[in-house]
Each structure stands twice: as C-alpha cells, then as structure tokens.
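Below, the structure written as structure tokens:
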C-alpha cells in the first residue's frame, strides 16, 4: 500500500528494502490465492525474502542495537515487494556491509533451501554410522591430514556425507533444483535429474537405487513409486514450496489417505523415510544456524563455487511484466526487484 511509515512496537524495526525477489514460490502462492475462494479478495504482496537497512527501531534494547545495520530476512507471508517493511527484531540476520544485496537475496531464495535440504540428512547418516567408526577414524587421521594438504578440494569432498552417493533431484530445472545440482556435485555426489518422476520412472530405475531423493515439485506426495528406487537406508526430502504449507493435490494411489498422507504399506514406508523441509520453519527453529549457513553460502559465492541464477532485475514499474515473463518461461531463476525506482512510498507491515 502507499502511505505513511508505520508506528513500531518496542520490539520492531523498520527496514528500507534494497532488494527482494519474485520466484516460483510467489507464482505458486498467487495461483493458490486465485483458486481458493476465501482468499481471492485478500490483499497480498509478493516477495518472501528481503535485504535492506534498519532505518528505525522500537524502544527495546535489542531493536535499538540494529539501527543502521544491513540485514536479511525471510517473510513467511510475503510482503517483500515494498520499499519499507516492519518486522520483529528477532527476525533479522545481520549482514556484513560489503555483502551484495542482489546476491544475498537470491541465496535466500534458492541456495539456502538447497543447502539445508542436502544437509538435513547429515545428522541421520552420522548417527547411523557412528557405532564402530571411532577406531577407524583414529587410524585414518594421518592420511586425511595428508590429503587436505595435497588436495584441499578433494579432501573437502571426502568429508561430505554426500561423497559417492546417488542423489536424485526432482524438478531439476527450477532455481532450487539448479542449486541442488551445483551443491551436490561440488560435494562429490553422483547427481541424477528429472523434471517429474512419473514420466521418467523406468529410466531412473535402471540407474540403481538412490541414497537420497529431493523432491522440489511435489511428486512424492503419496507416491509409492519412490520406495522402489530408494536404497534400504535411503532418504527422501520433500521441499515445501509455498508459504501456506499446502502441497500439490496428492496423486491417486491405492491405499487410505489420512491427513494428506498415504497410509498404505508403501505410503507408510515412504513417510517413515521422509524429511519435510520448510525454509521458514528452519529459520524459526534455529536462527543462529540459519545465519551461519547463509554466511557459508555467501563465502562459497565469493570464491566462485556457486552462482545464483538471476532471471532478470526489475523495478516496481516493471514488476508486472517481470512476473508474467517468469511464469511464461518456466521460472528458471529469480526476478530481483529493486523497490526504489518510483516517486512514491510503499509500506508493508
């Protein structure tokens, strides 16, 4: 909306937005709202990630400490396509001054989801393999140190839980899918990619059982076929794409559907092996770890290990055109929006 800057509560800060994005997430949310009767008339502003500066702060000490800081934030309900956004002081990540706004906001959209999806199985793998490994680790210490000194990149791959694993990415052409390919390949995994599993099931099956399947598009909801191409100790990560936590309509399968999940034998097996990832839940559950992961991804970008895909960069006056183009061309990348090309003020909060 256009108008005056909002009054802040004592725990809030006002962010002057330098960059936000519209991506597949926003397109899906727009479709959901257009097709849901009780949401059609609701005002909604796209943009689930922002980078900007704190220009005003509430009375609380924590809020005041953020004055003039450069920050990033994720917005579960959108609103980033505004010049100013007011949010709680606890919901920001402080960035270094030299961080590039466009690159960081694109990392929040794609690489954070991809990286944390890949890492979400690390603790499980480590727990399974912990027993009986301590003695082997002692014996391998000298060899590992030599490998690190002689070939740092190779040593880093060998330390990854993904090294040598078969990883299948569903919806590999999306921005998150492209980020998954980049990160998994760097980690030494053998990466297999498809747009949708159903139409490529037999082609994938002959490649061998998968250690990890990451579903970005929603194919795995109630689909027992995933069990048939997964190793006994394999894992499935299901990415929650929309801010509303509503998935695609489940596939029709044999079995009883309860609470959106298949309760047939294969369905129960899949659900037991599945990890459901939501970037907003991840941020709320452990903000410190989220900030550390973002800093790590920023470092990878600085040394050229990763490169977020930018579909285009537009101002507010080009937002409609950018939105339509993103949908029409399949959304391979994010549209970075620069809010400060207009002569009036837009506020969300």
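Residue numbers (our numbering): 799 to 1147. Backbone N, C-alpha and C define an ideal beta-carbon position, used for all residues, glycine too. These figures come from a predicted structure and were not determined experimentally.
Using a threshold of 7 Å, state whether the C-beta atoms of residue i and residue j are closer than that.
{"i": "residue 899", "j": "residue 816", "result": "yes"}
{"i": "residue 965", "j": "residue 1001", "result": "no"}
{"i": "residue 809", "j": "residue 861", "result": "yes"}
{"i": "residue 1078", "j": "residue 874", "result": "yes"}
{"i": "residue 897", "j": "residue 959", "result": "no"}
{"i": "residue 835", "j": "residue 1099", "result": "no"}
{"i": "residue 837", "j": "residue 831", "result": "yes"}
{"i": "residue 1036", "j": "residue 1013", "result": "yes"}
{"i": "residue 1027", "j": "residue 1003", "result": "yes"}
{"i": "residue 893", "j": "residue 811", "result": "no"}
{"i": "residue 1132", "j": "residue 819", "result": "yes"}
{"i": "residue 776", "j": "residue 821", "result": "Only positions 799 to 1147 of the chain appear in this structure, which leaves residue 776 out of reach."}
{"i": "residue 1038", "j": "residue 1076", "result": "yes"}
Spatial neighbours of residue i within its chain, please: CB distance less than 8 Å, with the 5 preceding and 5 following residues excluded, ordered by chain position.
{"i": "residue 813", "result": "848, 850, 851, 852, 853, 869, 871, 882, 883, 884, 885 and 890"}
{"i": "residue 981", "result": "909, 912, 913, 916 and 1104"}
{"i": "residue 805", "result": "none"}
{"i": "residue 1006", "result": "964"}
{"i": "residue 1092", "result": "870, 891, 902, 905, 906 and 910"}
{"i": "residue 979", "result": "967, 970, 989 and 991"}
{"i": "residue 1086", "result": "none"}
Report the option in the options whose CA atom is closest to the CA atom of residue i.
{"i": "residue 866", "options": "876, 887 and 877", "result": "887"}
{"i": "residue 844", "options": "823, 1072 and 862", "result": "823"}
{"i": "residue 1135", "options": "904, 1015 and 896", "result": "904"}
{"i": "residue 1090", "options": "906, 1026 and 1132", "result": "906"}
{"i": "residue 976", "options": "859, 1108 and 877", "result": "1108"}
{"i": "residue 841", "options": "877, 855 and 863", "result": "877"}
{"i": "residue 1071", "options": "1029, 1038 and 1111", "result": "1029"}
{"i": "residue 1011", "options": "1115, 918 and 826", "result": "918"}
{"i": "residue 974", "options": "1115, 1110 and 1106", "result": "1106"}
{"i": "residue 985", "options": "961, 978 and 1122", "result": "961"}
Using a Cβ-Cβ cut-off of 7 Å (strictly less than) and excluding sequence neighbours within five positions of residue i, which residues of its own chain qualify?
{"i": "residue 983", "result": "989"}
{"i": "residue 992", "result": "968, 970, 998 and 1002"}
{"i": "residue 1096", "result": "897, 902 and 905"}
{"i": "residue 1138", "result": "881"}
{"i": "residue 1080", "result": "914 and 1088"}
{"i": "residue 1084", "result": "none"}
Return the Cβ separation of residue i and residue j in integer angstroms, given the expectation that the two are a contact with Cβ distance under 8 Å.
{"i": "residue 969", "j": "residue 1015", "result": "4 Å"}
Near residue i, what residues of its chain come up, given a Cβ to Cβ distance below 6 Å and the 5 sequence neighbours on each side ignored?
{"i": "residue 1008", "result": "964, 966, 1027, 1028 and 1032"}
{"i": "residue 879", "result": "818, 843, 844, 845 and 1135"}
{"i": "residue 859", "result": "none"}
{"i": "residue 947", "result": "With a pLDDT of 38 at residue 947, under the threshold of 50, the modelled position of that residue is not reliable, and no figure is offered here."}
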